[in-house]
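According to this note's numbering, the sequence shown is numbered sequentially starting from 76. Structure first, commentary second.
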Amino acid sequence: AFETITSPSQCADNVAVASEFTQVAGFVSWDGSWSDSLASDGYGGTLYMCSSVVGGQTIVTGVYSEVGYIRGVVSGMSLRGEWFEVGSPTAAANSGNFTLTMATTGLYFTGTWGYGNAVVGGGTWDES
């Protein structure tokens with residue numbers, strides 16, 4: 076189910092529609108660009124995410140700080156998935172899992188990430 080990659084133009088359309096729904100019905104969207112704060116142990120770059128519906132589930136894919144890729148499944152206000160970073164096969168683990176929770180305003184999210192199968196232990200993941 077993760078093979079589908081949403082086109083950038085479709086993601087831009089998602090962002091425009093989601094912004095209208097957010098104001099009217101409290102709907103939040105994971106689509107768009109998010110600031111990766113150095114204060115939250117981030118890379119200080121940008122996380123770009125885009126969602127699509129595949130088999131009845133909302134799937135989110137994204138790239139961050141020019142070093143990583145994410146993919147996950149939305150459930151309510153949460154996004155749970157996997158992250159991958161470029162690196163050497165002989166280096167420490169460069170992949171793992173995460174869980175993020177979107178604020179009701181849709182303006183920021185918080186969460187945790189871990190290595191391997193863990194969703195904690197790696198650090199916090201806070202973006203706006």
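Backbone N, C-alpha and C fix where the C-beta goes; we use that ideal spot for every residue, glycine too. Owing to the predicted nature of the structure, the values given are computational and were not obtained by experimental measurement.
For Ser153, which residues of its own chain have a beta-carbon under 8 angstroms away from its beta-carbon, when the five flanking residues on both sides are left out? Excluding its 5 nearest sequence neighbours in each direction, Ser153 has C-beta neighbours in its own chain below 8 angstroms: Thr174, Leu175, Thr176 and Met177, listed in chain order.
In terms of DSSP beta bridges, what is Asp219 paired with? Since the displayed the chain opens at 76 and closes at 203, residue 219 lies outside it and no answer follows.
Short of 7 angstroms in beta carbon distance, which residues of its chain neighbour Val138, apart from the five on each side in sequence? Order them along the chain. For Val138, the CB contacts under 7 angstroms within the same chain, skipping 5 residues up- and downstream, are Tyr123 and Tyr144 in chain order.
Give the straight-line distance between the Cα atoms of Ser150 and Gly107, rounded to the nearest whole angstrom. Linking Ser150 to Gly107 through their CA atoms gives a straight-line distance of about 18 angstroms.
How many angstroms separate the CA atom of Tyr183 from the CA atom of Ser127? In a straight line, the C-alpha of Tyr183 is about 20 angstroms away from that of Ser127.
Could you have a look at Gly120 and say whether DSSP puts it in helix, strand or coil? Gly120: coil per DSSP, three-state reduction.
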